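Student:
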Ligand code: UDP
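Right, dumping it as structure tokens:
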């Protein structure tokens, strides 16, 4: 299939783009490179630098190409940041997605795989989280994704769009080629590994008084390769199905302190911790029930334990201490 991957220079999008190419699809990446990296775009994909917030740019993209499906990753994705500057989340995640949907309508592209999040649930009523629980986001990031899910429902009903909304839990880990590299970094796993690399003095633990087994927040960390494989399956499934909404997680929760302890074992570094105040917008525990993804997509995650996930991330960070900038340095040196 000829597919458009928005945000395909980012952490998740670039890994999915690589798997789509392996599966024989033709991939065009559309990315404004504000958070993505040119070096992350897999060889074999065509990169178009452009911005989803610019409606005319998006409409021209769909006039110039005949895409058969879209995988939409381009978005801002930091809970903490969204509590400080919600406007960027609404402009990028909401307006960008609405422009994209208009472009798809104009270009008669009828299939989309959308990068959603467990943040749509807010503080869940029950655990593990099933897809039928109410969506009550506790931060603007989660709200921006919830509103796009709602827009997809209406596009499906009114325009016959087929969509898969994949609600990610915490993407982590790396392949030898592609890892997690944000500036500024806000996500737990790369921050912990930056401490192990001596780039930060300690990890700030955002809250040690949550109602969890050790007082720190519990999340469901899923390997980037498993997350990516669900997208290829979702794209295939849209040949038959019109509407897919499912969680992607390992169904195992790890606390922030457990992640740090695991990283100590993997890196051999003591990784000091500084207790800090809670980060606004953080639910105490988010753990997936992913049985629907297994049933609907035939998805079989392969990396279910935390340690191999952290180990793969460590391999990438160790070999790319400056993130993708390490590669640029290596080439020009
Ligand atoms: N966290 C932390 N210190 C950090 C970064 C994150 O204690 O420097 C915590 C954060 O409060 C959350 C968990 O780690 O409970 C995972 O945060 P992350 O930003 O990686 O992902 P999120 O769950 O927000 O999508």
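Numbering (our numbering), first residue to last: 248 to 580.
Backbone N, C-alpha and C fix where the C-beta goes; we use that ideal spot for every residue, glycine too.
Every value quoted in this text rests on a predicted model; they were computed, and no experiment measured them.
1) Would you say residue 346 touches the ligand UDP, meaning its beta carbon is less than 7 angstroms from a heavy atom?
2) Quick one, which of 430, 372, 516 has its alpha-carbon nearest residue 569's?
3) Compute the minimum distance between the beta carbon of residue 508 and the heavy atoms of the ligand UDP, and state whether it is under 7 angstroms.
4) Please return the same chain residues whose Cβ sits closer than 8 angstroms to the Cβ of residue 383, not counting the five positions on each side in sequence.
5) Using 8 angstroms as the threshold, is the stretch 338-357 in touch with the stretch 316-328, meaning 3 or more CB pairs across them?
6) If the criterion is Cβ atoms closer than 8 angstroms, does the pair residue 453 and residue 525 meet it?
7) Quick test of the definition: if touching needs 3 or more C-beta pairs under 8 angstroms, does the stretch 495-510 touch the stretch 466-482?
8) Do residue 513 and residue 561 come within 8 angstroms of each other at the CB atom, strictly closer than that value?
9) Spatial neighbours of residue 388 within its chain, please: C-beta separation below 6 angstroms, excluding the five flanking residues on both sides.
10) Under DSSP, the alpha helix (DSSP H) around residue 451 begins and ends at which residues?
11) Between residue 359 and residue 292, how many whole angstroms is the CB-CB distance? I'm expecting something under 8 angstroms.
12) Output the distance between the C-alpha atoms of residue 585 and residue 381, rounded to the nearest integer angstrom.
13) Could you give the first and the last residue of the continuous alpha helix (DSSP H) run that contains residue 309?
14) If distances are taken between C-alpha atoms only, which option among 528, 260, 300 comes closest to residue 331?
15) Does the stretch 476-491 touch the stretch 263-277, meaning 3 or more C-beta pairs lie closer than 8 angstroms?
16) Spell out the partners DSSP gives residue 565 in its beta bridges.
17) Using the DSSP secondary-structure output, state which residues sit across from residue 249 in a beta bridge.
18) What is the residue span of the alpha helix (DSSP H) that residue 509 lies within?
19) Between residue 287 and residue 425, how many whole angstroms is the CB-CB distance? I'm expecting something under 8 angstroms.
20) Evaluate residue 311 with the Cβ neighbour count: other Cβ atoms within 10 Å of its Cβ, from every protein chain shown; 16 or more gives buried, anything less gives exposed.
21) In or out: residue 373 buried (at least 16 other Cβ within 10 Å) or exposed?
22) Beta-carbon distances below 6 angstroms to any heavy atom of the ligand UDP define the shell here; list its residues in chain order, please.
Tutor: To lay it out plainly:
1) no
2) 430
3) no
4) 368, 369, 370
5) With the rule of 3 Cβ pairs closer than 8 angstroms, the stretch 338-357 counts as touching the stretch 316-328.
6) yes
7) yes
8) yes
9) 326, 329, 336, 366
10) Taken as a continuous stretch (DSSP letters only), residue 451 belongs to no alpha helix (DSSP H), being part of the beta strand (DSSP E) at 450-453.
11) Actually they are not in contact, since the Cβ atoms of residue 359 and residue 292 sit about 18 angstroms apart, beyond 8 angstroms.
12) Because the chain in this structure spans residues 248 to 580, residue 585 falls outside the shown range and cannot be described.
13) 302-311
14) 528
15) yes
16) Looking at the DSSP assignment, residue 565 forms no beta bridge with any residue, so it has no partner.
17) 273
18) Segment 503-514, the alpha helix (DSSP H) holding residue 509.
19) In this structure, residue 287 and residue 425 form a Cβ contact; the two beta carbons are roughly 5 angstroms apart against a cut-off of 8 angstroms.
20) The residue in question, residue 311, is exposed, as its Cβ has fewer than 16 Cβ neighbours within 10 Å.
21) exposed
22) 326, 417, 433, 434, 435, 438, 450, 451, 452, 453, 464, 466, 503, 526, 529
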